[in-house]
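Residue numbers for the sequence shown follow the numbering used here, beginning at 12 and rising by one.
Ideal placement from N, C-alpha and C gives every residue a C-beta, glycine not left out.
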Amino acid sequence: MTTSVRAGQTPPDSAVRERALDPSRSFIVQAPAGSGKTELLIQRLLVLLAECESPEEVLAITFTRKAASEMRSRLLQALERGCDDVSPNDSHAIKTWELARRVLQRDRKHNWRLIDNPSRLQIQTIDSLCAVLTRRMPWLTRCGDAPRVNDDPIELYREAAEQLLERLQRSEKERHLISPLLARFDNQLPRFRDALVTMLGRRDQWLRHLLKRRRDKARALLEEGLGRFVCSRLEQVTQLLEQGGLSELRQLIDFAVGNLDHGHPLQSLPALLARPAATVEAQVAWNALTDLVLTGKGDVRSTVTKAQGFPAGKQHADMKQRMTSWLEGLRENSALHIALKQLRSLPRSTYHDEDWAALESLIELLPLAAGELELVFSRRGEIDFIGLASAARLALGSADQPEEMLLALDRKIRHLLIDEFQDTSYGQYDLVLRLISGWCAGDGRTLFLVGDPMQSIYRFREAEVGLFIRARAGKVGDVCLDPLSLTANFRSQAGLVSWFNDGFQPMFPPQAEEVSGAVPFSPAEAVCPSLDGVAVSGTAWVGRQDRAEAERIVEHIRHSQCENPGGTIAVLVRSRSHLRDLVTLLQRESLTFQAQDIDPLNSRPVAQDLLALTRALLHPADRVAWLAILRAPWAGLPLSDLVELCEGDISTPVWNLLSRQPSQTELFPRFSKEGMDRLQRIVPVLAGALDKVGRLPLRRLVESTWLQLGGPACLTEGELSDARQFFYLLEREERGGDLESFARLQERLGKLYAAPDPLADGTLQLMTIHKAKGLEFDTVILPGLGRATRGNEREMLRWQEHPDFELLLAPIPAADTDRVDETYNAIGELLKDKDRHESVRLLYVAATRAKQRLYLLGHLEQRSKGEPTPTAGSLLELAWPYWQSDFDVIDDEDGDLDDSSSPVSSLARLPSIWRIPEFAGSLKPDVLTTRKASEKRGTEYRHQGASLRFEEGRIVGQVVHSWLERIALEGVNVWTAARVDANGERIADALLNGGIPSQSLPGAKKKVILSLKVALSSDKGTWILAAHDGAKSELPLTGIINGNRISAVIDRTFVAEDGDRWVIDYKTGEPEQGESLQAFLDREVDRYREQLVNYSQLICQSGMQERLRAALYFMPHDIWQEVRLP
């Protein structure tokens, strides 16, 4: 069970957090979900900044731009909050505030000016660090001028693979490298090429190993590693047997052997068990033992028969009972059971000759492919992230032979912090080793690694959680690390945290293992108290029922919205395809949602229509494309007219049929009246577009044609965003007004995702579990838990790094043989173990996004006998033994609901009489003028007296405006009068930079601070600056009013609670000498009335449709003057 810590109390791991701030020591910190990892990182950064001589001595690295941006933003917020003399209330916030004030003291002492110069804070992604290193050392990195990073390099990989294969086929000397491998791909060159492409995308893992193996004795070294791996597993079984049960097993084996024929495999067991040997020669005998005690599926036998040497009969009943008891003990000894089961998947200790021939070819071929890829990069002026990291390592050199860049960084960097260390790849780990290669104990430099191995879910991006396990064992390079673990969970309510501890503890492995990526569970202690009601509930259907599952999700959504209005809800799935039925139902139920990277762009009708238009213009003979654009919403030709157009003619291009000369009696004699109206509008547009093919850039041609056809008139705001994505891609793919490959355009389109609904407020989101990592939601719904995922494809080369045996390697087995390749399969089993461990972690990540409620949904399969069970390979299969009691099982014999109630989609199309709107007449450049909204019509408006006093007032107003914008952006609730005073020096700097004379500075500074304090202390001021719908500060607008181009910057606008949009102009002026306050206000209202009218017209032109109201806010007097609009 989990104890909860009340809000405001000291977290249970406060001592660990305090220890992590010791600037003299290096740490590796395990920070589970919701443990406040980022806050600890910020505090560590502040501690180091307060100790260092220069902020550049501290380097923080993370893995995504979003994480780096958040870290930088929170660090700056902490520094700005430290300017306030009033401490916060929360204990953890007080600690950060105190540390920030220490940094600010050092900042003033050394004149760093970090708040004004945040670029001095060295917070980077690891990719941006590699890019910097590559640009600084172009000669060493062999990249020349900085190459463009290609984040989708599959085409470059394919080009390199094809060029390599073409070269090898032409070369008599190198052709032999292909022959042993092609046979393993059924002599299908495209399959072989695709396998090469896949391998190039993972070359950072295998290249360094294969380069080492391109020498004599490679086979002997690899087989030695295989043998040591086999022996280690046999030694593990030996030790477990000797811990208990070996003596009894010896007697049982002696009995069994006496009842078996000579030559039976079990005959070797007495000698083996007399002196258990963990040698490769004993591997066959050990396999005989596993056959005795385990079934073919790897389960412990429930009984034994004469086939195992235990015949029936009363005289043998005692021995048979003893064997059954021993098996029962094995069933309870899970460690021994698993170890015996693993013996069946051990590799051979030697390679078959034909397998070695294939492996030898791969050892030679794959580095050649990597070299060919470097040539492609050079020709294209591009590089991928793997190449970028490799170039960065070249720029640094090694510990034995450091380059100048490494020496310079070694002198500069004294503290290195790495976030999300569990997601480090081998290449990135190597880069870190080079950065700290010159560090030694006691030199004042520290390494701080933070992450959560329980949230390592990016193996598909080459993340290797085993590196975190290796580092946590005590060292990275020569730097010793103190391991720490956080336990407080600040995110989830106590009921959820308790369920996480009880539900996930048995699912995670008991011990860490670097090879398999096994990570033990780390329990948490809740900070948030429990909520009323059930924290976790599950529903499982017998048989897959996707629509019933979708309807239950909608019920959960509506219940959550009712229970917690405004709360956030997330539906998280393992695969995007799991959301298909739900999306349809949400749209039918009018539930708005944001789908984050869910719908591939090529599945959206707008992209399909634009794709057809592009193809039709480039290939006039493509009948399918032409029929598609005639049926698209902008044309909407009835199906009957399409039949009339093409019936009886299957060869003439559709455009030729459309453009043929009509008869004298009628334009299109066979078409309907509606069809004729539509064709009269679109045919001239298409004719003009075809005439311009090859003469205009492709994007401009397709986009202008689409605009003339009325494409935008058929779309929603979200669909317009999808169209813009398509046009941007088209611009990237075109070459000289054409496409190099239409297939590549389609492939790239499939890798883009439709834009989220811009009208959705973000309270309901749909996304994959991977996308949700790092986020949190009040309610989390996990559907599709019963669905299995696709198995791993057979790779060209399987490999597994091992800390003790270095490397296990095996080539893909031959396709034309039934012989089992034990080594290839053994490495596959190791990879399956990794996948299984990561699946458990994926489920953990999904569940721990929840703050208040968690809903689980999935399905079971009814076998011929027994209770229904989860599908093999599903997430529910992993969880069912431990979560079964949390599920309501629904057995609906009718199975899934039919599709009779599915909504019937209809073709949305423009009316047949639709015509493109008439555009306003063009403005003549010689008469078009641009003026500010504050300038009066008909006269050259002049401020009264362009005096020094006026100029100083203008500068004061600008500074006040900029600070009010910042206050509104950060939130009026975090600003106090004391914080305004703490920023006095920055206000003074802004005034001086604006042009205030030094002798006038004290008075101007006082005016700014007074205005800000009045706004923060008054009800009207705080209402203006508070968060509102549609709120904007310093909003720039330009439009045409009465033939003049008017530009304006609106101080503040927002939609109030009653639905009216306010337009507010800040004023800092004072009455003239001898002028009454009321006379001053009347004069100002009259003076700025026309300006506010102009503002209102510009807002209307920008598309804001609310009823408008305007006001002047005089801050020094806290007076609000509404100005009536016409």
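Q.
Using a 10 Å radius around the Cβ and a threshold of 16 neighbouring Cβ atoms, would you call glutamine 254 buried or exposed?
A. The residue you call residue 254 lines up with position 243 of the sequence shown. Glutamine 254 should be labelled exposed.
Q: Determine which residues share a DSSP beta bridge with cysteine 539 and list them.
A: As a first step, residue 539 is located in the sequence shown; it is residue number 528 there, counting from the start. DSSP, once it has assigned bridges, lists Gln504 as partnering cysteine 539.
Q) Just curious, the alpha helix (DSSP H) that tryptophan 1034 is in, first and last residue? A) Your numbering for residue 1034 matches position 1023 in the sequence shown. Tryptophan 1034 -> alpha helix (DSSP H) spans 1030-1036.
**Q.** Of the listed residues Thr306, Leu283 and Ser503, nearest to valine 295 (C-alpha basis)
**A.** By one-based count along the sequence shown, residue 295 stands at place 284. Measuring from the Cα of valine 295, the nearest candidate turns out to be Leu283.
Q) Using the C-alpha atoms, what's the distance from glycine 747 back to arginine 706? A) Position 695 of the sequence shown, counted from the start, is the residue given in the question as residue 706. Position 736 of the sequence shown, counted from the start, is the residue given in the question as residue 747. Those two C-alpha atoms are separated by around 9 Å.
Q) Secondary structure at isoleucine 134, three-state DSSP: helix, strand or coil? A) Numbered from 1 along the sequence shown, position 123 holds the residue referred to as residue 134. In this structure, isoleucine 134 counts as strand in the three-state DSSP scheme.
Q) Among Ala318, Val311 and Arg333, which residue has its Cα nearest to the Cα of histidine 348? A) On the sequence shown, residue 348 is found 337 positions in, with the first residue counted as 1. Closest option to histidine 348, Cα to Cα, is Val311.
Q) Do you know how far the Cα of leucine 175 is from the Cα of alanine 144? A) Along the sequence shown, one-based indexing puts residue 144 at 133. Along the sequence shown, one-based indexing puts residue 175 at 164. According to the sequence shown, residue 144 is leucine rather than alanine. So the alpha carbons of these two residues sit roughly 30 Å apart.
Q.
In the DSSP assignment, the beta strand (DSSP E) including isoleucine 72 goes from what residue to what residue?
A. Translated into positions along the sequence shown, residue 72 becomes position 61. Its beta strand (DSSP E) spans residues 69-73.
Q: Just the C-alpha distance for threonine 882 and aspartate 846, rounded to the nearest angstrom, thanks.
A: Taking the first residue of the sequence shown as position 1, residue 882 is located at position 871. Taking the first residue of the sequence shown as position 1, residue 846 is located at position 835. Each residue's alpha carbon lies about 16 Å from the other.
(Q) Tell me the residue span of the beta strand (DSSP E) that contains aspartate 899. (A) Along the sequence shown, one-based indexing puts residue 899 at 888. 898-901 is the span of the beta strand (DSSP E), which, as asked, contains aspartate 899.
Q | Distance between aspartate 513 and leucine 775 (C-alpha atoms, nearest Å) | A | Counting from one through the sequence shown, the residue named residue 775 turns up at place 764. Counting from one through the sequence shown, the residue named residue 513 turns up at place 502. Each residue's Cα considered, the two are about 29 Å apart.
Q) If we ignore side chains and look at the alpha-carbon of each, how far apart do proline 413 and glutamine 135 end up? A) Working through the sequence shown from its first residue, we reach residue 413 at position 402. Working through the sequence shown from its first residue, we reach residue 135 at position 124. In a straight line, the C-alpha of proline 413 is about 23 Å away from that of glutamine 135.
Q) I think alanine 499 touches proline 22, with their Cβ atoms under 8 Å apart; what is that distance to the nearest whole Å? A) As a working mapping, residue 499 is identified with position 488 in the sequence shown. As a working mapping, residue 22 is identified with position 11 in the sequence shown. At roughly 4 Å, the Cβ-Cβ gap stays under 8 Å, so alanine 499 and proline 22 are in contact.
**Q.** 6 Å CB neighbourhood of leucine 237 in its chain, flanking five on each side removed
**A.** By one-based count along the sequence shown, residue 237 stands at place 226. Pro358 and Ser360.
**Q.** Complete runs of the alpha helix (DSSP H) confined to the stretch 1051-1097 [at least 4 residues]
**A.** none
Q: Mind checking which residues open and close the alpha helix (DSSP H) that includes glutamate 29?
A: Locating residue 29 in the sequence shown gives position 18, where the first residue counts as 1. 25-30 is the span of the alpha helix (DSSP H), which, as asked, contains glutamate 29.
Q. Glutamate 50: which of Arg36, Ala31 and Ser651 sits nearest, CA to CA?
A. Here the question's residue 50 lines up with position 39 in the sequence shown. Out of Arg36, Ala31 and Ser651, Ala31 has the C-alpha closest to the C-alpha of glutamate 50.
Q: Please look up how many angstroms separate the CB atoms of leucine 868 and alanine 858, rounded, as I've assumed it's under 8 Å.
A: Within the sequence shown, the letter at position 857 stands for residue 868. Within the sequence shown, the letter at position 847 stands for residue 858. In fact, because the Cβ distance is near 13 Å, the residues do not count as touching under 8 Å.
Q | Closest residue to glutamate 812 among Arg230, Ala380 and Leu218 (Cα-Cα distance) | A | Here residue 812 corresponds to residue number 801 of the sequence shown, with the count starting at 1. Here the closest residue by C-alpha is Leu218.
Q) Grouping DSSP H, G and I as helix and E and B as strand, with all else coil, what is valine 971? A) Taking the sequence shown and counting its residues from 1, one reaches residue 971 at position 960. In the structure shown, valine 971 sits in a helix (DSSP, three-state: H, G or I).
Q) For the candidate residues Asp96, Ser1107 and Met1126, whose alpha-carbon lies nearest to that of glutamate 1147? A) Residue 1147 is absent from the model: the chain starts at 12 and stops at 1137.
Q: Evaluate the contact criterion for the stretch 680-689 versus the stretch 643-655: three or more CB pairs, one atom per stretch, below 8 Å.
A: yes
Q) Name the DSSP beta bridge partners of methionine 1126, please? A) For this step, residue 1126 is matched to residue 1115 along the sequence shown. In the DSSP output, where bridge partners are listed per residue, methionine 1126 has none listed.
Q: With DSSP collapsed to three states, give me the class of leucine 763.
A: Here residue 763 corresponds to residue number 752 of the sequence shown, with the count starting at 1. Coil.
Q: May I ask you to check if the CB of glutamate 234 is nearer than 6 Å to at least one heavy atom of the ligand MN?
A: The model depicted lacks the ligand MN and carries no ligand whatsoever.
Q. Between alanine 368 and proline 191, which are expected to be in contact by the criterion C-beta below 8 Å, what is the C-beta distance as a whole number of angstroms?
A. Mapped onto the sequence shown, residue 368 falls at position 357. Mapped onto the sequence shown, residue 191 falls at position 180. The pair is a contact, with the Cβ atoms about 5 Å apart (cut-off 8 Å).
Q | Nearest-angstrom Cα separation, counted from valine 971 out to aspartate 1129 | A | Residue 1129 sits at position 1118 when you count from the first residue of the sequence shown. Residue 971 sits at position 960 when you count from the first residue of the sequence shown. So the alpha carbons of these two residues sit roughly 14 Å apart.
Q: Reducing DSSP to helix, strand and coil, say where alanine 229 ends up.
A: In the sequence shown, counting from the first residue as 1, residue 229 sits at position 218. Helix, per DSSP.
Q) How far does the alpha helix (DSSP H) with alanine 8 in it reach, from first residue to last? A) Outside the shown range of the chain (12 to 1137) lies residue 8, about which nothing can therefore be said.
Q: Give the DSSP-derived three-state secondary structure of lysine 423 in the structure shown.
A: The residue you call residue 423 lines up with position 412 of the sequence shown. In the structure shown, lysine 423 sits in a helix (DSSP, three-state: H, G or I).
Q. Along the chain, where does the beta strand (DSSP E) that runs through lysine 862 open and close?
A. To locate residue 862, count along the sequence shown from 1; it is residue 851. It spans 861-872 - the beta strand (DSSP E) in which lysine 862 sits, taken as one unbroken run.
Q. Closest by CA to proline 43, which one among Arg36, Gln332 and Phe501?
A. By one-based count along the sequence shown, residue 43 stands at place 32. The shortest Cα separation from proline 43 among Arg36, Gln332 and Phe501 belongs to Phe501.
Q) In terms of residue numbering, what span does the alpha helix (DSSP H) encompassing leucine 277 cover? A) The sequence position of residue 277 within the sequence shown is 266, counting from 1. Segment: none, leucine 277 is in no alpha helix (DSSP H) and carries neither H nor E.
(Q) For lysine 1017 and glutamate 91, I'd like the C-alpha separation in whole angstroms. (A) The residue given as residue 1017 occupies position 1006 in the sequence shown. The residue given as residue 91 occupies position 80 in the sequence shown. Their Cα atoms are separated by approximately 21 Å.
Q) Which first and last residues belong to the beta strand (DSSP E) in which serine 548 is found? A) Taking the first residue of the sequence shown as position 1, residue 548 is located at position 537. Serine 548 -> beta strand (DSSP E) spans 547-553.
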